[in-house]
Amino acid sequence: MEKQALLQVKNLKKHFQLGKDENLKAVDGVSFHINKGETLGIVGESGCGKSTAGRTIIGLYDVTEGEVIFNGKNIHSFNKKERFEFHRQMQMIFQDPYASLNPRSTVAEIISEPMEVHGMFASKQERLQRVYQLLEDVGLSKEHASRYPHEFSGGQRQRIGIARALALDPEFIIADEPISALDVSVQAQVVNLLMRLQKEKGLTYLFIAHDLSMVKQISDRIGVMYLGHLVELTTSKELYHKPMHPYTQALLSAIPIPDPDIEDKRERIILKGELPSPINPPSGCVFRTRCPMAMEVCATVRPAWQELEKNHFVACHLYDKEKSSGQDYSQVAATR
Numbered sequence: 521m522e523k524q525a526l527l528q529v530k531n532l533k534k535h536f537q538l539g540k541d542e543n544l545k546a547v548d549g550v551s552f553h554i555n556k557g558e559t560l561g562i563v564g565e566s567g568c569g570k571s572t573a574g575r576t577i578i579g580l581y582d583v584t585e586g587e588v589i590f591n592g593k594n595i596h597s598f599n600k601k602e603r604f605e606f607h608r609q610m611q612m613i614f615q616d617p618y619a620s621l622n623p624r625s626t627v628a629e630i631i632s633e634p635m636e637v638h639g640m641f642a643s644k645q646e647r648l649q650r651v652y653q654l655l656e657d658v659g660l661s662k663e664h665a666s667r668y669p670h671e672f673s674g675g676q677r678q679r680i681g682i683a684r685a686l687a688l689d690p691e692f693i694i695a696d697e698p699i700s701a702l703d704v705s706v707q708a709q710v711v712n713l714l715m716r717l718q719k720e721k722g723l724t725y726l727f728i729a730h731d732l733s734m735v736k737q738i739s740d741r742i743g744v745m746y747l748g749h750l751v752e753l754t755t756s757k758e759l760y761h762k763p764m765h766p767y768t769q770a771l772l773s774a775i776p777i778p779d780p781d782i783e784d785k786r787e788r789i790i791l792k793g794e795l796p797s798p799i800n801p802p803s804g805c806v807f808r809t810r811c812p813m814a815m816e817v818c819a820t821v822r823p824a825w826q827e828l829e830k831n832h833f834v835a836c837h838l839y840d841k842e843k844s845s846g847q848d849y850s851q852v853a854a855t856r
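No gaps in the numbering here: position 75 of the sequence shown is 595 in this note's numbering, and each next residue is one more.
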């Protein structure tokens, strides 16, 4: 583990009890760390558990099993006072900027509310000055402070949500699909804004999304989730140049290439079947029912989470034999 790890997630599980003998396993044993000043991207299909993982990490959901260690302390063991202080250090940007903003409050009221709750600044006027500064930080102006959320575009509303998340000067921000509800033309602007704010304020991000091209732009490392499990985790560059897990390869093959000659000739990996239910996930490897390379062992044994190359982790039986024989893993992936 890196000595500067700000967040450590250890075997995190979040199960929702739906009935007497029925559990929805939204997150089922996820482990990773995020270093201070780093951005870790989490990607996967809708329903894979990535948003639930983010909400459990920040404490919106109680953990079923495992640990979330922030600055050396398990956040799920905090008392009321410790949790109150913790939320000054970790904030969240939500997916739908309109649904997350109170339509009856002005922008100034929305952004200043966290400061008022946490007793920041002695007067209302000081808080208002802070609101003006935050609006400028996210590319708006102080004239916007007296307006209501419905008077803004989707991209502007998300900037307001970002300003609210920054109000308490947090160290860590969980961005839960912050661009998926925005027009494509606006998405890059918001990602560039987040990157600039990270550089200026020394922020650490957990960036959750399903758009791999945008995640590549902002992330230092990327984790790929499938049905509540992490199946691959490595640097952004490594993931795009040497994807090892069959699911990661399928996701990357779906990204359009702007060159029409290359786009017409390349082979797409089409996954068969539907995403299984997290209430009754497949035995062994959860991806085996859609995997074009599934083997007999995949049905009975859950693949181990192993570091195949430096900082490149994969959970896949394809590499079990190669791990002991010293073969080139990228060649293994390419020939299967």
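We put the CB at the ideal spot given by N, CA and C, even for glycine.
query                                                                                                                        : result
Ile562 beta carbon less than 8 Å from that of Lys570                                                                         : yes
Beta-ladder partner(s) of Arg832, from DSSP                                                                                  : Here residue 832 is His; the residue named in the question, Arg, does not match the sequence. Looking at the DSSP assignment, His832 forms a beta bridge with Glu829.
Sequence-distant residues of the same chain with beta carbon closer than 7 Å to Pro623, five excluded per side               : Tyr668, Pro669, His670
Strand pairing of Lys593, partner residues [DSSP]                                                                            : Phe590
Residues that Asp696 bridges to, as DSSP identifies them                                                                     : Ile728
Cβ-based burial, His837 [other Cβ within 10 Å; buried from 16]                                                               : buried
8 Å Cβ cutoff met for Glu752 and Phe807                                                                                      : no
Rounded separation between Arg856 and Ala814 - CA only                                                                       : With a pLDDT of only 47 at Arg856, under the threshold of 50, the placement of this residue in the model should not be trusted; the figure read from the coordinates follows. Cα-Cα distance, rounded: 10 Å.
Cα-Cα separation, Phe727 to Gly681                                                                                           : 15 Å
Chain-order list of residues whose beta-carbon lies under 7 Å from that of Lys721 (same chain, five-residue window excluded) : none
Neighbourhood of Arg575 by C-beta distance below 6 Å, restricted to the same chain and skipping five residues each side      : Tyr581
Inter-stretch contact at 8 Å, needing at least 3 Cβ pairs: the region 536-543 / the region 586-598                           : no
Sub-8 Å separation of Glu558 and Thr724 beta-carbons                                                                         : yes
Beta-carbon proximity check, Thr572 vs Lys533, cutoff 8 Å                                                                    : no
Glu633, DSSP secondary structure in three states                                                                             : helix
Nearest residue (CA-CA) to Ala525, options Asn591, Phe536, Tyr618, Leu538                                                    : Asn591
Counted within 10 angstroms of its Cβ, other Cβ atoms place Ser835 as buried (16 or more) or exposed                         : Strictly speaking, residue 835 in this sequence is Ala, with Ser absent from that position. Result: buried.
Sheet register partners of Ala525 (DSSP bridge)                                                                              : Asn555
contact_flag[the region 610-618, the region 637-652] where n(CB pairs < 8 Å) is 3 or more                                    : no
Reduced DSSP category for His546 - H, G, I as helix; E, B as strand; rest coil                                               : Inspection of the sequence shows that residue 546 is occupied by Ala rather than by His. Three-state result, Ala546: strand.
Sub-8 Å separation of Val710 and Gly675 beta-carbons                                                                         : yes
Under the three-state DSSP convention, the category Glu585 falls into                                                        : strand
Residue burial classification, Glu663 (beta-carbon count within 10 angstroms, cutoff 16)                                     : exposed
Exposure label - Arg684; buried when at least 16 CB within 10 Å                                                              : buried
Arg810 and Leu791 closer than 8 Å at C-beta                                                                                  : yes
Nearest to Thr754 (by Cα), restricted to the options Glu827, Ile613, Asn531                                                  : Glu827
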